[in-house]
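*Asks:* Order-wise, the sequence lines are chains Z and U. Heads up: the first sequence begins at 1 in this note's numbering, then just goes up one per residue. Heads up: the second sequence begins at 1 in this note's numbering, then just goes up one per residue. By construction, the Cβ of each residue, glycine as well, lies at the ideal position given by its N, Cα and C atoms. None of the values given here were measured: they were computed from a predicted structure. Please read through the structure below; I'll follow up with questions.
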Amino acid sequence: MQSKWDIGEPEKPTINSQTEQLKSELLTLNMGPQHPATHGVLRLEIWTDSEIVVHAIPHLGYLHRCMEKHAENLDYRGVIPFVDRLDYLAAMNMEWTYASAVEKMLGTEVPRRAELLRILTCELNRIASHLMAFGTYALDLGAFTPFLYAFEEREKLLRLFEEVSGARLLYNYIWIGGVWNDWNDDQLQRVAAFCDVMEQEAKKYDDLVSYNKIFVERTTNVGVFSLQDCLDYGASGPVLRGSGMKWDLRKNKPYSLYSEFDFDVPVATEEVKKVGGQVGDCWSRYIVRMREVVESIKIIRQVLEKLEPGPVMGKVPKIIKLPKGEVYVRQECPRGELAFHLVSEGEKKPYRLKVKSPCFTHVSMLPRVAPGQMIADFVASVGSIDIVLGEVDR
Amino acid sequence: MNTTSHQTSSFKEYFVNLYRGISTTVIGMWITFRYVWAVKPVSIEYPEVREVLPERARMRLFNDVQNCISCTQCAMACPVDCIYIASEKRPEGEEIKKTTNGQPIRLKLTQFTIDIALCCYCGLCTVVCPTECLTHSHDYEFSQYTIDGMKYDYLAPDVIAWRDRIVKS
Numbered sequence: 001m002q003s004k005w006d007i008g009e010p011e012k013p014t015i016n017s018q019t020e021q022l023k024s025e026l027l028t029l030n031m032g033p034q035h036p037a038t039h040g041v042l043r044l045e046i047w048t049d050s051e052i053v054v055h056a057i058p059h060l061g062y063l064h065r066c067m068e069k070h071a072e073n074l075d076y077r078g079v080i081p082f083v084d085r086l087d088y089l090a091a092m093n094m095e096w097t098y099a100s101a102v103e104k105m106l107g108t109e110v111p112r113r114a115e116l117l118r119i120l121t122c123e124l125n126r127i128a129s130h131l132m133a134f135g136t137y138a139l140d141l142g143a144f145t146p147f148l149y150a151f152e153e154r155e156k157l158l159r160l161f162e163e164v165s166g167a168r169l170l171y172n173y174i175w176i177g178g179v180w181n182d183w184n185d186d187q188l189q190r191v192a193a194f195c196d197v198m199e200q201e202a203k204k205y206d207d208l209v210s211y212n213k214i215f216v217e218r219t220t221n222v223g224v225f226s227l228q229d230c231l232d233y234g235a236s237g238p239v240l241r242g243s244g245m246k247w248d249l250r251k252n253k254p255y256s257l258y259s260e261f262d263f264d265v266p267v268a269t270e271e272v273k274k275v276g277g278q279v280g281d282c283w284s285r286y287i288v289r290m291r292e293v294v295e296s297i298k299i300i301r302q303v304l305e306k307l308e309p310g311p312v313m314g315k316v317p318k319i320i321k322l323p324k325g326e327v328y329v330r331q332e333c334p335r336g337e338l339a340f341h342l343v344s345e346g347e348k349k350p351y352r353l354k355v356k357s358p359c360f361t362h363v364s365m366l367p368r369v370a371p372g373q374m375i376a377d378f379v380a381s382v383g384s385i386d387i388v389l390g391e392v393d394r
Numbered sequence: 001m002n003t004t005s006h007q008t009s010s011f012k013e014y015f016v017n018l019y020r021g022i023s024t025t026v027i028g029m030w031i032t033f034r035y036v037w038a039v040k041p042v043s044i045e046y047p048e049v050r051e052v053l054p055e056r057a058r059m060r061l062f063n064d065v066q067n068c069i070s071c072t073q074c075a076m077a078c079p080v081d082c083i084y085i086a087s088e089k090r091p092e093g094e095e096i097k098k099t100t101n102g103q104p105i106r107l108k109l110t111q112f113t114i115d116i117a118l119c120c121y122c123g124l125c126t127v128v129c130p131t132e133c134l135t136h137s138h139d140y141e142f143s144q145y146t147i148d149g150m151k152y153d154y155l156a157p158d159v160i161a162w163r164d165r166i167v168k169s
């Protein structure tokens, strides 16, 4: 019987046309769950014809922790540590999206300083996340040293986050109504110093990796997502921008105070043609991330100018009870648009908390690019969408 | 596909590619080579050299049982339910002690156990504590051979003895 989940017979291999007449069988190869190139516990079932991928099926669920169901049994503050564990590389962004969903239903006024500090931490977290993406992507393609350079800078950020929130990865820093702790002047000065260093470093990464001939040859014209595919699947973030669409929620649908800030939305359409690639390939997704780091630095500098002393926590009742209703809040996270659909029945707990994660969309796009690629190129494609499996499986 | 590009490239393109390959590799190698003398090492040789943790760092939980009023607010705030508290009424006539911030300890604490293996180090329990007796200490090396060893009974004398080291006031 034909199941509705059945994706049908794999497409015929196109490259090895001479060998097509020979009687051959496809080899099934399991990439993962324990594989360094899958960035977590993703299992990719690959059907290969010699070294050419014919069909790839991502199998999810190895990191499923029932986060959405757990949230239905927790009070609204207790969900935040669980939200952290969605995208553990950009936990601040996850917290902020959840907190703003609750605030929207509660009608809380967030103090201006708290809102600016949220932007500051989230942009810093975006840099940290993109540094990780940069380092591990180079690692996937066989270059080890860029990983160490990226981690040197990331370590500074993690230290700052540890000082201000108490944890290095799962912060529980952005609370409903504001932020937990205030940043002191010394820490803010270190952020300013970090911005200066990071600008230099971003140039260094360009010299070291971005325009390196080996890297360019490995990534250009590989794993091309056409814009139509991206729109059909509902891709967002660097994947959509890498395919040439200038879409960033911070710019197109400004939330919080982002309308006050001056920054660009990088798309790689011009640059990728200079290195000989085409729009939507792995290199353009990679370079969008690197350019976003520079844009984040711009935003952080403006935040540091705008910061004024004030309270960091708004008025929130001790026991949070949301009115009956539902809300859908989406924000731009390092990996794309994260959204929470929060349904409340007027109790102390959420009735339903649905997470729309960008990585899930991007993983489901992988079978689209896989046919016809070499296995090593497929590794490059998987790395370029920068997935975090905590967010895919929830 | 990229696999066929070498067949179409001309003689000139071959040398241009060769030049670009060598020059960009040399630039990259030069950046790495500078680390031999021009950049200070940043890594710490861990067991010998230790980083000082920031003030707010959230490591193993510690409960100062002398100040605990068994209000169970921490257990209710905990998202993973890893705090187990039991208390009983004081017998008639027993003197009611006070905590350091002046709250009377009406109930007698008979059990205060935290399963640290379950704890997610979120810090929500320390925020709600009215007497600030439940805190995150700076201990981070406490691996155990069995998972039962991660259950800390804060009324045990050896755990109470940590107080001198952890509580500053």
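If we cut at 9 angstroms on Cβ distances, does U/Asn2 have a partner in chain Z?
*Replies:* Counted from its first residue, the second sequence places residue 2 of chain U at position 2. At U/Asn2 the pLDDT is 47, less than 50, meaning the model places this residue with poor confidence; the figure from the coordinates comes in the next sentence. So yes, U/Asn2 belongs to the interface.
*Asks:* How long is the line joining the alpha carbons of Z/Gly372 and Z/Phe225, rounded to whole angstroms?
*Replies:* Counting from one through the first sequence, the residue named residue 372 of chain Z turns up at place 372. Counting from one through the first sequence, the residue named residue 225 of chain Z turns up at place 225. Cα-Cα distance, rounded: 14 angstroms.
*Asks:* Kindly provide the ranges of any alpha helix (DSSP H) runs that are 4 or more residues long and lie completely inside the region 145-190 of chain Z, ordered along the chain.
*Replies:* Runs found: 145-165.
*Asks:* From Z/Tyr233 to Z/Pro367, what distance separates their C-alpha atoms?
*Replies:* Counting from one through the first sequence, the residue named residue 233 of chain Z turns up at place 233. Counting from one through the first sequence, the residue named residue 367 of chain Z turns up at place 367. Going by the C-alpha atoms only, they are around 12 angstroms apart.
*Asks:* Quick one: grab the DSSP three-state call for Z/Gly32.
*Replies:* Counting from 1 along the first sequence, the entry for residue 32 of chain Z is found at position 32. Note: Z/Gly32 maps to coil in three-state DSSP.
*Asks:* Excluding the five sequence neighbours on either side, which residues of its own chain have a C-beta within less than 6 angstroms of the C-beta of Z/Val79, listed in chain order?
*Replies:* On the first sequence, position 79 is the one that residue 79 of chain Z refers to. So the qualifying residues of the chain are Ala71.
*Asks:* Which residues mark the beginning and the end of the alpha helix (DSSP H) in which Z/Arg77 is found?
*Replies:* Indexing the first sequence from 1 puts residue 77 of chain Z at position 77. Note, Z/Arg77: premise wrong, no alpha helix (DSSP H); not H, not E.
*Asks:* Determine, using beta carbons only, whether Z/Val355 comes closer than 9 angstroms to chain U.
*Replies:* Position 355 of the first sequence, counted from the first residue, corresponds to residue 355 of chain Z. So, not an interface residue.
*Asks:* In the DSSP assignment, find the unbroken beta strand (DSSP E) run with U/Ala86 in it and report its ends.
*Replies:* By one-based count along the second sequence, residue 86 of chain U stands at place 86. From DSSP, the beta strand (DSSP E) with U/Ala86 extends over 83-89.
*Asks:* On the three-state DSSP scale, how would you describe Z/Ser259?
*Replies:* Here residue 259 of chain Z corresponds to residue number 259 of the first sequence, with the count starting at 1. Looking at Z/Ser259 - three-state DSSP - the assignment turns out to be helix.
*Asks:* Would a C-beta distance cut-off of 9 angstroms place U/Asn174 and U/Thr100 closer than the cut-off?
*Replies:* Chain U is shown from 1 up to 169; residue 174 of chain U falls before or after that span and cannot be answered.
*Asks:* Would the beta-carbon of U/Gly123 fall within 9 angstroms of that of Z/Lys213?
*Replies:* What you label residue 123 of chain U is simply residue 123 of the second sequence in a count that begins at 1. What you label residue 213 of chain Z is simply residue 213 of the first sequence in a count that begins at 1. The answer is no: Cβ separation not under 9 angstroms.
*Asks:* State the start and end residues of the unbroken beta strand (DSSP E) segment that holds Z/Gly280.
*Replies:* For the purposes of this step, residue 280 of chain Z is identified with residue 280 of the first sequence, where counting begins at 1. Here Z/Gly280 belongs to no beta strand (DSSP E), and DSSP marks it neither H nor E.
*Asks:* At least one CB of chain Z closer than 9 angstroms to the CB of U/Pro54: is that the case?
*Replies:* As a first step, residue 54 of chain U must be located in the second sequence, where it is residue number 54. So, interface residue.
*Asks:* Name the DSSP beta bridge partners of Z/Lys69, please?
*Replies:* As a first step, residue 69 of chain Z is located in the first sequence; it is residue number 69 there, counting from the start. Answer is none; Z/Lys69 lacks a bridge partner.
*Asks:* Which of the three DSSP states is assigned to Z/Tyr286 in this structure?
*Replies:* Stepping through the first sequence from its first residue, residue 286 of chain Z is reached at position 286. Reduced to three states, the DSSP call for Z/Tyr286 is helix.
*Asks:* Based on DSSP bridge pairs, tell me the residues matched to U/Pro104.
*Replies:* One-based indexing of the second sequence puts residue 104 of chain U at position 104. In DSSP, U/Pro104 forms a bridge with U/Lys98.
*Asks:* Leaving out five residues before and five after Z/Gln187 in sequence, what residues of the same chain have Cβ atoms less than 7 angstroms from its Cβ?
*Replies:* Here residue 187 of chain Z refers to the residue found at position 187 of the first sequence. The residues are Leu160, Glu163, Val164.
*Asks:* Between Z/Leu63 and Z/Gly390, how many whole angstroms is the CB-CB distance? I'm expecting something under 8 angstroms.
*Replies:* Here the question's residue 63 of chain Z lines up with position 63 in the first sequence. Here the question's residue 390 of chain Z lines up with position 390 in the first sequence. The pair is a contact, with the Cβ atoms about 6 angstroms apart (cut-off 8 angstroms).
*Asks:* Which partner residues does Z/Val329 have in the DSSP bridge list?
*Replies:* As a position in the first sequence, residue 329 of chain Z is number 329, starting the count at 1. The partner list for Z/Val329 (beta bridge, DSSP) reads Z/Phe340.
*Asks:* Are the C-beta of U/Pro79 and some C-beta of chain Z separated by less than 9 angstroms?
*Replies:* As a position in the second sequence, residue 79 of chain U is number 79, starting the count at 1. So yes, U/Pro79 belongs to the interface.
*Asks:* DSSP beta-bridge partners for U/Asn63?
*Replies:* On the second sequence, position 63 is the one that residue 63 of chain U refers to. According to DSSP, which records beta bridges pairwise, U/Asn63 is partnered with U/Leu134.
*Asks:* How about U/Lys108 and U/Ser70: do their beta carbons lie closer than 9 angstroms?
*Replies:* Residue mapping note: residue 108 of chain U aligns to position 108 of the second sequence, counting from 1. Residue mapping note: residue 70 of chain U aligns to position 70 of the second sequence, counting from 1. Yes, these two residues count as a Cβ contact at 9 angstroms.
*Asks:* By the three-class DSSP mapping on this structure, what secondary structure does Z/Met245 have?
*Replies:* As a first step, residue 245 of chain Z is located in the first sequence; it is residue number 245 there, counting from the start. DSSP places Z/Met245 in coil when its eight states are reduced to three.
*Asks:* Compute the beta-carbon to beta-carbon distance between Z/Gly276 and Z/Thr219, rounded to the nearest angstrom, for a pair I have assumed lies under 8 angstroms.
*Replies:* Counted from its first residue, the first sequence places residue 276 of chain Z at position 276. Counted from its first residue, the first sequence places residue 219 of chain Z at position 219. Not a contact, Cβ separation roughly 11 angstroms.
*Asks:* Could you tell me whether the region 291-303 of chain Z touches the region 258-268 of chain Z, where touching means 3 or more Cβ pairs closer than 8 angstroms?
*Replies:* With a cut-off of 8 angstroms, the region 258-268 of chain Z and the region 291-303 of chain Z count as touching, because enough Cβ pairs lie within range.
*Asks:* Classify U/Tyr181 as helix, strand or coil using the three-state DSSP reduction.
*Replies:* The structure shown has nothing for residue 181 of chain U, since chain U only spans 1 to 169.
*Asks:* Does the beta-carbon distance from Z/Val267 to Z/Arg250 come in below 9 angstroms?
*Replies:* Taking the first sequence and counting its residues from 1, the one referred to as residue 267 of chain Z is at position 267. Taking the first sequence and counting its residues from 1, the one referred to as residue 250 of chain Z is at position 250. Not a contact, by the Cβ cut-off of 9 angstroms.
*Asks:* Return no unless some Cβ of chain U is closer than 9 angstroms to the Cβ of Z/Asn93.
*Replies:* In the first sequence, residue 93 of chain Z corresponds to position 93, counting from 1. It does not: the Cβ of Z/Asn93 has no partner Cβ on chain U nearer than 9 angstroms.
*Asks:* When burial is assigned at 16 or more other CB atoms within 10 Å of the CB, is Z/Gly223 buried or exposed?
*Replies:* Locating residue 223 of chain Z in the first sequence gives position 223, counting from the first residue. It counts as buried.
*Asks:* Z/Asn181 CB to nearest chain U CB: under 9 angstroms?
*Replies:* Residue 181 of chain Z sits at position 181 when you count from the first residue of the first sequence. Closer than 9 angstroms: yes.
*Asks:* Establish whether the CB of U/Ala86 and some CB of chain Z are separated by less than 9 angstroms.
*Replies:* Taking the second sequence and counting its residues from 1, the one referred to as residue 86 of chain U is at position 86. Answer no: the Cβ-Cβ gap between U/Ala86 and chain Z never drops below 9 angstroms.
*Asks:* Which residues mark the beginning and the end of the alpha helix (DSSP H) in which Z/Asp377 is found?
*Replies:* Indexing the first sequence from 1 puts residue 377 of chain Z at position 377. Here the alpha helix (DSSP H) through Z/Asp377 covers 375-384.
*Asks:* Ignore the nearest five residues each way along the sequence and tell me which others in Z/Ser100's own chain have a CB closer than 8 angstroms to its CB.
*Replies:* Translated into the one-based positions of the first sequence, residue 100 of chain Z becomes position 100. Counting only Cβ-Cβ distances below 8 angstroms, and skipping sequence neighbours, we find Tyr255, Ser256, Val329, Gln331.
*Asks:* Once the 5 residues before and after Z/Gly314 are set aside, which same chain residues still bring their CB inside 6 angstroms of it?
*Replies:* Counting from 1 along the first sequence, the entry for residue 314 of chain Z is found at position 314. Here the set comprises Thr108, Glu109, Val110, Pro111, Gly177, Gly178.
*Asks:* Just verifying my parser: in three-state terms, what is the DSSP assignment at U/Leu18?
*Replies:* Translated into the one-based positions of the second sequence, residue 18 of chain U becomes position 18. Here U/Leu18 sits in helix by DSSP.
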